[in-house]
Amino acid sequence: MKIKVLVVMFFVVLLQISCNKEKELRDILKANCYWDILNKGAIHPVNSCFKFKDDGSCNFYYYYFFDKKRTDSVYKYDDGDVIVPNRWHLKNDSFQIRANQYYLIRYTSDSVFLTATGIDTMVLIRNCMTVNPNEK
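Okay, structure coming up:
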């Protein structure tokens, strides 16, 4: 009987830790900052970013470039006639960003490591210096 109680207590503690981590990451992402998308395969390793909001909305932005150098200002990407939900959702280690499914590898207060396939890794890097000239 004691073993059953210990096993149940272990799972309750594990569940509590998992829920706290999810809440902590959710709070980190919702900070009023942009999250640069590190893509080593691109000509410019960081050319786009996300911004996650409290209400579950998420926008995708591109950086302005001047004379082949990235500036600190962004513009919201126009998806054209492709309908992409500007939403984000986090549940346990599953992270959905604009209808794309990722899995959480690890995170700190300024970076989030995600994978979509187990091979490709995407890193989100917190950037509070980015400005959007269209935001008030």
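Heads up: the sequence shown is residues -9 to 126, going by our numbering.
All C-beta atoms in this analysis are idealised placements derived from N, C-alpha and C, irrespective of residue type, glycine included.
For the beta strand (DSSP E) that residue i lies in, which residues bound it at each end?
i: Y53; result: C48 to F56
i: N122; result: Note, N122: premise wrong, no beta strand (DSSP E); not H, not E.
i: V64; result: K59 to K66
Look at residue i and residue j and say whether their C-beta atoms are less than 8 Å apart.
i: V121; j: D62; result: yes
i: S129; j: Q91; result: The displayed coordinates of the chain run from -9 to 126. Any statement about residue 129 would go beyond what the structure contains.
Helix, strand or coil, according to DSSP, for residue i in the structure here?
i: D110; result: coil
i: R16; result: helix
i: I(-7); result: helix
i: I115; result: strand
i: S8; result: Unreliable positioning characterises S8 in this predicted model, as indicated by a pLDDT of 45, which lies under 50. A coordinate reading is not provided.
i: T98; result: coil
i: N76; result: coil
i: N22; result: coil
Count the other C-beta atoms from every protein chain shown that fall within 10 angstroms of the C-beta of residue i, then say buried if there are 16 or more, exposed otherwise.
i: V72; result: exposed
i: I87; result: buried
i: D44; result: exposed
i: D26; result: buried
i: V74; result: exposed
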